[in-house]
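First up is the structure itself, then whatever we jot down about it.
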Amino acid sequence: MAIGVFDSGVGGLTVHHRLVERFPKADFVYLADQANAPYGGRPGEEIVELTKAGCERLFREGCDLIVLACNTASGIALRRLQQTWLPGLRRDLGRPVNILGIIVPTIEAATGLPWEHEAERRGDKVEKLDVLAVFSTPATAKSRVYEIEIDKRRQDVAVFSEPCPNLATLIEQGATASVLAAEIEGHVAKITARIGRAPDRAILGCTHYEIVADIFRAALKPGTPVIHQPVATADALTRYLERHPEFDPGAYGGRRFLTTGKPGLQPALTQTFWGAPISFEPA
Ligand code: DGL
């Protein structure tokens with residue numbers, strides 16, 4: 004079998020690359036839904052349908068386990084697909100299949116707690132000392148998934164989300180470092196004004212932002228720890244595969260890349276995400 008990795012576009016390659024480093028012998032199929040990207044400004048129902056179609060494609064390709072390397076798909080679609088679609092699909096296919104997201108691993112990394120942990124709700128007011136800024140697409144910010152899930156686990160952490168409507172598109176368009184820096188500095192200034200002080204930590208809550216992590220670091224207060232989703236996701240997948248031996252990640256080091264967009268060799272930007280040239284097959 005193979006591990007499927009899905010994203011609306013090429014941002015998820017940052018996660019995929021880290022997974023490949025962690026599991027060099029595993030077989031991977033990456034699917035970029037470039038015909039429909041970006042997802043970040045779409046209504047929720049569309050994000051659910053597009054994510055389902057992408058997963059269907061990867062299951063047809065022989066994947067049993069899929070990682071949604073996209074915050075927008077993970078935050079909006081994952082729970083719905085797990086609850087309403089996967090149980091019937093498992094019966095139809097007669098084999099175990101599952102879809103994992105990247106928000107759970109990120110929250111585990113941000114809270115230092117396993118996902119199953121629920122904070123004990125005490126009546127007394129907790130002073131929130133640790134202020135966490137989440138930079139994401141508008142759809143992820145609107146879902147409030149990071150606020151809700153972190154608050155359940157760590158009442159001493161205050162989460163503030165900053166939607167960045169243009170950033171993933173600017174990155175995909177290959178905007179210059181100075182354009183990107185101006186955009187990112189603007190978002191850091193906005194969230195700092197909203198919080199009333201600089202955040203203590205930051206989550207880059209969109210897979211595209213990983214390749215501009217240095218620009219975020221330069222815009223944030225010096226030394227602000229940044230939580231990296233690719234590492235958090237690789238750690239979580241390692242733990243998951245240990246707990247679920249029924250999923251065999253393959254042994255041939257297969258690497259396939261599918262796109263709903265333009266097949267073939269993609270622009271230099273894709274290399275930046277992945278670290279080497281990639282040729283895409285039509286999905
Ligand atoms: N890669 C997506 C994410 O992590 C963002 C890009 C998009 O808007 O489709 O949220």
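Here our numbering is used: the first residue of the sequence shown is 4, the next is one more, and so on. For each residue, glycine too, the CB sits at the ideal point set by N, CA and C.
#### Entry: Nearest neighbour of LYS28, chosen from MET4, ARG45 and ILE79 [CA to CA]
Walking along the sequence shown from the start, residue 28 turns up at place 25. It is MET4.
### Message
In the DSSP output, which residue or residues are listed as bridge partners for TYR33?
### Response
Translated into the one-based positions of the sequence shown, residue 33 becomes position 30. According to DSSP, which records beta bridges pairwise, TYR33 is partnered with VAL8 and PHE260.
### Message
Is the separation between the beta-carbon of THR143 and that of ILE230 shorter than 8 Å?
### Response
In the sequence shown, counting from the first residue as 1, residue 143 sits at position 140. In the sequence shown, counting from the first residue as 1, residue 230 sits at position 227. Between THR143 and ILE230, the CB-CB gap reaches or exceeds 8 Å.
### Task
For ASN74, verify whether its CB is less than 7 Å away from any heavy atom of ligand 1.
Taking the first residue of the sequence shown as 1, we reach residue 74 at position 71. The beta carbon of ASN74 sits closer than 7 Å to at least one heavy atom of ligand 1.
### Query
Between ARG258 and PHE31, what straight-line distance do the alpha-carbon atoms span, to the nearest angstrom?
Residue numbering aside, residue 258 sits at position 255 when the sequence shown is read from its first letter. Residue numbering aside, residue 31 sits at position 28 when the sequence shown is read from its first letter. Cα-Cα distance, rounded: 5 Å.
### Query
Under the DSSP definition of a beta bridge, which residues are partnered with PHE163?
Residue mapping note: residue 163 aligns to position 160 of the sequence shown, counting from 1. ALA136.
### Query
Which residues bound the alpha helix (DSSP H) around ILE106?
The sequence position of residue 106 within the sequence shown is 103, counting from 1. Residues 106 to 114.
### Query
Per the contact definition of three or more C-beta pairs closer than 8 Å, is the segment 5 to 16 in contact with the segment 192 to 210?
These segments touch.
### Query
Buried or exposed: THR179, going by 16 or more other Cβ atoms within 10 Å of its Cβ?
In the sequence shown, residue 179 corresponds to position 176, counting from 1. Exposed, since its Cβ has fewer than 16 Cβ neighbours within 10 Å.
### Query
Over what stretch of residues does the beta strand (DSSP E) that includes VAL70 continue unbroken?
For the purposes of this step, residue 70 is identified with residue 67 of the sequence shown, where counting begins at 1. Per DSSP, VAL70 belongs to the beta strand (DSSP E) from 66 to 71.
#### Entry: Assumed close pair ILE79, ILE50 - CB separation to whole angstroms, cut-off 8 Å
On the sequence shown, residue 79 is found 76 positions in, with the first residue counted as 1. On the sequence shown, residue 50 is found 47 positions in, with the first residue counted as 1. Approximately 4 Å separates the beta-carbon atoms of ILE79 and ILE50; this is inside 8 Å, confirming the contact.
### Task
State whether the segment 258 to 276 contacts the segment 237 to 248, with contact taken as three or more CB pairs (one from each stretch) at a distance under 8 Å.
Per the Cβ contact rule, the segment 258 to 276 is not in contact with the segment 237 to 248 (fewer than 3 Cβ pairs under 8 Å).
### Query
Are three or more beta carbon pairs between the segment 87 to 107 and the segment 58 to 68 nearer than 8 Å?
Taking one beta carbon from each stretch, the segment 87 to 107 and the segment 58 to 68 have 3 or more pairs nearer than 8 Å; the two touch.
### Message
Can you tell me whether GLU2 is helix, strand or coil according to DSSP?
### Response
No answer is possible for residue 2: it lies beyond the span of the chain, which begins at 4 and ends at 286.
### Task
Could you name the residues of the same chain whose beta carbon sits closer than 7 Å to that of PHE26, not counting the 5 residues immediately before and after it, in chain order?
Indexing the sequence shown from 1 puts residue 26 at position 23. Here the set comprises PRO252.
### Whole runs of the beta strand (DSSP E) within the segment 177 to 257, excluding any shorter than 3 residues
Taking 3 residues as the minimum length, the beta strand (DSSP E) runs contained wholly in the segment 177 to 257 are 204 to 207, in order along the chain.
### Task
Tell me whether GLU284 sits in a helix, a strand or coil according to DSSP, three-state version.
Position 281 of the sequence shown holds residue 284. Here GLU284 sits in strand by DSSP.
### Query
Looking only at its own chain, which residues have a Cβ that is under 6 Å from the Cβ of LEU16, when we skip the five neighbours before and after it?
Your numbering for residue 16 matches position 13 in the sequence shown. Here the set comprises PHE276 and TRP277.
### Contacting residues, own chain, Cβ-Cβ under 8 Å from TYR255 (five flanking each side not counted)
Numbered from 1 along the sequence shown, position 252 holds the residue referred to as residue 255. Cβ contact annotation for TYR255 (same chain, cutoff 8 Å, sequence separation greater than five): LYS28 and ASP30, in chain order.
### Query
Can you tell me where the beta strand (DSSP E) with ASN101 in it begins and where it stops?
The residue you call residue 101 lines up with position 98 of the sequence shown. Looking at the DSSP string, the run of the beta strand (DSSP E) that includes ASN101 is 101 to 103.
### Query
Do the CB positions of ALA216 and GLU188 come within less than 8 Å of each other?
To locate residue 216, count along the sequence shown from 1; it is residue 213. To locate residue 188, count along the sequence shown from 1; it is residue 185. Result no, Cβ atoms of ALA216 and GLU188 do not sit closer than 8 Å.
### Message
I'd like the span of the alpha helix (DSSP H) that includes HIS19, first residue to last.
### Response
Along the sequence shown, one-based indexing puts residue 19 at 16. For HIS19, the enclosing alpha helix (DSSP H) starts and ends at 16 to 25.
### Endpoints, alpha helix (DSSP H) assigned at ASN74
The residue given as residue 74 occupies position 71 in the sequence shown. Per DSSP, ASN74 is one residue of the alpha helix (DSSP H) stretching across 74 to 79.
### Where the alpha helix (DSSP H) through GLY278 begins and ends
The residue labelled residue 278 in the question sits at position 275 within the sequence shown. Counting along the chain, no alpha helix (DSSP H) covers GLY278, and no H or E run does either.
#### Entry: Cβ pair THR75, THR172 closer than 8 Å
The sequence position of residue 75 within the sequence shown is 72, counting from 1. The sequence position of residue 172 within the sequence shown is 169, counting from 1. THR75 is not a Cβ neighbour of THR172, given a cutoff of 8 Å.
### Task
Rank LEU170, GLN232 and SER164 by C-alpha distance to the C-alpha of VAL18 and give the top, closest one.
As a working note, residue 18 is residue 15 in the sequence shown. Among LEU170, GLN232 and SER164, the Cα nearest to that of VAL18 is on GLN232.
### Message
Using only the alpha-carbon positions, how far apart do ASP203 and ALA113 sit?
### Response
Translated into the one-based positions of the sequence shown, residue 203 becomes position 200. Translated into the one-based positions of the sequence shown, residue 113 becomes position 110. Whole-angstrom Cα-Cα distance: 12 Å.
### Query
Who are GLY267's beta bridge partners in DSSP?
As a first step, residue 267 must be located in the sequence shown, where it is residue number 264. GLY267 pairs with PHE283.
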